[in-house]
Amino acid sequence: MPKIIVEVMPKEVLLDPAGKSVNNALHRKGHKDITAVRIGKRIELHFDRAVTDADIAEAQQIGESFLSNAVIEDVVSVTVQN
Amino acid sequence: MALFKKKQKFVPSGVDTTAEAAVTPDKAQPFVELGLKLEEYARIREILGRRPTSSELAMYSVMWSEHCSYKSSKIYLRQFGEKVTDEMKKDLMVGMGENAGVVDIGEGWAVTFKVESHNHPSYIEPFQGAATGVGGIVRDILTMGARPIAVMDQLRFGAPNDPDTARVVHGVVDGISFYGNCLGLPNIGGETVFDKVYQGNPLVNALSVGALRHEDLKLAKASNPGDLVILFGARTGADGIGGVSVLASETFDSTGPAKRPAVQVGDPFAEKVLIECCLELYHAQVVAGIQDLGGAGISCATSELASNGGAGMRVQLQKVLKRDESLTPEEILMSESQERMMGIVPKKDLKAFEAIVNKWEVEYSVIGEVIGEDRLYINWGEEEIVNVPPRTVAHDGPVYERPVAFPSYQDALNNDTVHSRGLYRANDNSSELAAQLVQIVSSPNQADKGWITNQYDRYVGGNTALAQPDDSGMVRVSEETGLGISIATDANGRYCYLDPYQGARLALAEAYRNVAVGGAKPMAVTNCLNFGSPENPEVMWQFKQATAGLADGCLELGIPVTGGNVSFYNQTGDVAIHPTPVVGVLGVIDNVARRIPSGWQDEGHNIYLLGVTKDELDGSVWSEVIHGHLGGRPPVVDLGFEKQLGDALAAASEQGLLASAHDLSEAGLAQALVECTLRFNMGARVWLNEISERDGVDRTCALFSESTGRVLVSVGREDDVKFVGLCEARGIPVLRIGVTDNSGQLEIQDIATWQLSDLRGAHEATLPELFG
Amino acid sequence: MTIKIGVVTFPGTLDDRDAQRAVRIAGAEAVPLWHADANLHKVDAVVLPGGFSYGDYLRCGAIAAQAPVTAEIVKAANGGLPVLGICNGFQVLVEAHLLPGGLIRNEKQHFICRDQRLRVENVNTPWTNQFTQNEEITIPLKNGEGGYIANPETLKRLEGEGLVAFRYLDSNPNGSMNDIAGLRNERGNVVGLMPHPEHAVEPGFGPDSSVAMKSGIDGLKFFTSVINSLVNA
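Chains as they are written, first to last, in the numbering used here: chain A, 18 to 99; chain B, 11 to 782; chain C, 1498 to 1730.
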């Protein structure tokens, strides 16, 4: 199934409590070389036809205006799987 | 400790230092962008005898902002400390000016409570704004040495059908739910109001209350030279930099997201751990002073601790643990990263301090020490970047007596009444009144708020004795004796718009009554004063009137204001919100087992209306929901009678005469009847004719007037004579207006009979339909 | 003999003091157990209370399931020690594989707090033996991620072997499959549920009941049950 994959991450400069909590747990389990964990979202937009360039542009726009909150998140990638 | 090395030789570092400031007096500085006025900037130069460094400028700008310095409100807030008697002060352990007031409630216990606004951040990013609002107020309570024991929220949203309202409602409620629930604090009540005046400027006020043993009281001060200054909790990042100054000093323009500043992200788990960690530190007696980091971050904490303690401080800013290594010294000073505390720890206690914070896996860093000199020195490595008298930053900010003007619209507004408009028709027919009742109890402001409050944990702690939808929230403090406290908050922006002086007193009267109907004795007052721009003389008049009304009212009731918060600049463009002074009243009850339910539980009980009903429909819910009208003057409030009524309820409760008691306020008797039946699903038969005959009002007023000083109670038949006698002896007008029954119906004679299931459907469906 | 019941505190646990109080009201001694301490201090039973352990940021209960104390609890539970997981504690039991399935975000996406009616469907456990079969009880429910899910084979096994200990009555609050509110393991010593018995043990502070406001104490029997089974063991 063709799909557009939008990845959203918390903004670099802002605190990511989830990532921090998981990072601390990993350190307790001995994975000391991992310096930080950040947790984001992967959102799949499915199509029942081939994805066009217009769809990708639209997905980028949806990603920035709706799927993410520009105040606290960034869209870090929009990729296609046809 | 090698925090400070003597500088060997000068190496330019790109950091603005005091040495550099001394030799470059004319360097242009962005004080306007930081929200400072020219005369304020000039005063900073005068205090320092040179231009400020960029770090000093950052500190002064944020600490002298409206939000931190109360520069426009200070002259009015003084009266809360002046209009008091010795009797009112006798239970006050800490009054205004500290992080939160502290009240002695007996048995060696004290409580501290406060309400604070987080309005602007909650419009920009509703979820994080509301979440960090809860986090901030809880840290204020924790700072006093108390264990936080409950929270409440006072929310004002825009019109329910505006598309942006759902964004704000969902974000705010989810944020409070996320943060508060994860902290393990019961949410025991609050307010939710919808009105288009809050469309571009919702109000998110958060209240917290904490309990402590007298000996655990902590103050935010650093007095002993040699004590260590320790920053602990979350790391410092680029959160809400300049947030205080920018957010509280400017209004939003209508262009939307372009100017959005950085927000703070809350981590309730980190805060929960910080609470337990701090309580263990207090118990071990290893902190001499403590301050939470909220608005203005390290700038605020260092200068306030030093100023309050009459001492100074030397800080090495490079020791601050950072989330982001690229932060500049100015940014570190202004950062509003959440879940941080600053402790003052005697050197001998450092080991014990470290053991406790390590147990809780809380990060910390010794960033400086207290000094005997009246000076705050902050170094960045070997460079001195701040060298100021701490008091000038923390407490001696500018004070303004802003121009005040009686609003040009006020007289016309007060003359535009439901009578002058012809909206009021004597003796509306029964079917019309019945339809109005249903329309009112299902209107968004009067509808059941369960959709919101059921997203909050009201059980955690196991001490919640009353919670929403009861008139007040009540929590047990002592498990041994049942000693407890209750809190109610209130504000009616419509009343305050019509008359801010009376509006503030009305809010006080209602919160007082709400505490009294639960069986508690009102003890103290807090407030959160939400207004438009202080630079608008008409807004400033509203503020002046409201603060005078509240201070006079507290004096009449004999209960002191223990603290509060001011939020100005709540407006969109030139249009200010209705003045919304949220008033919170704290009550004490010797044993929470004695608390009075707010609804009917038993059949065959007599229903009594206490107080007198007048023709007071201006500003009412009836005028708003049925006629879309706002004008005239709000109901008259008689605080002497409110006190008498409160005392009578307390006496009746102590004698066990009251099966239930419920306050009459918005939407009057109609609303109270519906809520009393639905609380425990107990029917009733009620008649209005005796109210009309005794008080000379018709049925519209009997049902919907919002006259103050009224309470609906239910009394078992065996207690009837005693109860009526008690009221008469105390001069409380008392009238039997009905009887409870198991019919599953509410019958208001000569008007209508409703199935309770139908009323419940109407009352409970509104919010889920709008937002669910 | 005094029965000692351990109550675990992870960072972020919230209802530990409530669970300790419930244990005391039922007549046993409450022993605090610390997440980092791999030692059960010779307790006769363990309660994993509610809360948001480690913030529940990864998955509810996931990080707590890795804690030193949890490893000891798993060992002891496999040896027959009575263990009760409440809400976040239930999530920890599931993440630690002491009970099957998983708990996901509530169907309506909101945290929900309300008085919840349940049916007790299995009374053959140390935590439920004071109830009568199919007794209907009301205790508070408060969770954001309480939707029980399991694959069809597991559900079939749970139903077939009578391992569903509690089922929601009236409306299902969180979209749990088969209205499942709580489970027991095959042996019966491990019980987990989303609603909160420890919030319904003391008149005045529990759910509303037909007798009076906030006077429901249906949760107390969980704790008297385990004391009864330990005393009679």
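Using N, Cα and C, we set each Cβ at its ideal position, and we do this for glycine too. Note that the coordinates shown come from a computational prediction; the quantities given were computed from them, not determined experimentally.
Between B/THR202 and B/LYS361, the C-beta gap is not smaller than 8 angstroms, which leaves the two residues out of contact. For B/CYS506, the enclosing alpha helix (DSSP H) starts and ends at 503-508.
Under the DSSP assignment, B/LYS100 falls outside any beta strand (DSSP E); it carries neither an H nor an E label. In this structure, DSSP gives B/ALA415 a state outside helix and strand, which the three-state scheme calls coil. Around the beta carbon of B/MET162, a 10 Å sphere encloses 16 or more other beta carbons of the protein chains shown; the residue is thus reported as buried. In chain order, SER38, VAL39 and ALA42 make up the part of chain A whose C-beta sits under 8 angstroms from the C-beta of C/ILE1560. B/LEU337 sits in coil when the DSSP states are folded into three classes, being neither helix nor strand. Restricting attention to C/ASN1682, C/GLY1641 and C/ILE1677, the CA atom closest to the CA of C/GLU1658 is found in C/ASN1682. Using a 10 angstroms sphere on the CB of B/GLN552, the tally of other CB atoms reaches 16 or more, which defines it as buried.
At a beta-carbon threshold of 9 angstroms, the residues of chain B lying near C/GLY1509 are CYS192, GLY194, PRO278, PHE279, LYS282 and VAL283, ordered along the chain.
In the structure shown, B/LYS554 adopts helical secondary structure according to DSSP, grouped into three states.
The DSSP-derived three-state label of C/ASN1675 is helix. Within a 10 Å sphere around the beta-carbon of B/VAL42 sit fewer than 16 other beta-carbons, which makes this residue exposed. Any Cβ of chain C closer than 8 angstroms to the Cβ of B/VAL144 would place that residue at the interface, and such an atom is absent. One thing to note: B/ASP628 has its Cβ no nearer than 8 angstroms to the Cβ of B/GLY609. Rounded to the nearest whole angstrom, the CA to CA distance from B/VAL207 to B/PRO589 is 10 angstroms. Residues of the segment 1547-1572 of chain C whose Cβ lies closer than 7 angstroms to any Cβ of chain A, in chain order: TYR1551, GLY1552, TYR1554, LEU1555, ILE1560 and GLN1563. Closer than 7 angstroms at the C-beta level to chain C, one finds these residues of the segment 41-73 of chain A: ALA42 and LYS46.
Straight-line spacing of the CA atoms in B/VAL684 and B/GLU520 works out to 19 angstroms.
No Cβ of chain C is located within less than 8 angstroms of the beta carbon of A/PRO27. When DSSP states are grouped into helix, strand and coil, B/TYR469 belongs to the coil group. Under a criterion of Cβ atoms nearer than 8 angstroms, the residues of chain C adjacent to A/ALA35 are, in order, GLY1552, TYR1554 and LEU1555. For the pair B/LEU620 and B/ASP673, the Cα-to-Cα distance works out to about 10 angstroms. When DSSP states are grouped into helix, strand and coil, B/LYS357 belongs to the helix group. Of all residues in the segment 456-472 of chain B, the ones placed with a Cβ closer than 9 angstroms to any Cβ belonging to chain C are GLY460, TRP461, THR463, ASN464, GLN465, TYR466, ASP467, ARG468, TYR469, VAL470, GLY471 and GLY472, in chain order. With a threshold of 8 angstroms between beta carbons, C/GLU1642 makes no contact with chain B.
For C/CYS1557, there is no enclosing alpha helix (DSSP H), as DSSP marks it with neither H nor E. In the pairwise beta carbon analysis, the segment 231-247 of chain B is classified as not touching the segment 495-508 of chain B: fewer than three pairs are separated by under 8 angstroms. The DSSP assignment places 699-705, 709-714 and 730-739 as complete runs of the alpha helix (DSSP H) inside the segment 697-774 of chain B, in order along the chain (cut-off: 4 residues). The three-state secondary structure of B/HIS672, taken from DSSP, is strand. Annotation for C/CYS1584: no alpha helix (DSSP H) segment contains it, and DSSP assigns it neither H nor E. Taking 8 angstroms as the cut-off, the Cβ atoms of B/ALA316 and B/PRO400 count as close. Ranked by Cα distance from B/VAL598, the first of B/GLU371, B/ALA677 and B/TYR522 is B/TYR522. Sequence-distant partners of B/ARG53 (beyond 5 residues in either direction) whose C-beta falls short of 8 angstroms from its own C-beta, in its chain, are PRO408. Partner residues in the beta bridge of B/GLU394, as assigned by DSSP, are B/ASN389. Residue pairing by DSSP puts B/MET352 in a beta bridge opposite B/LEU241 and B/GLN301.
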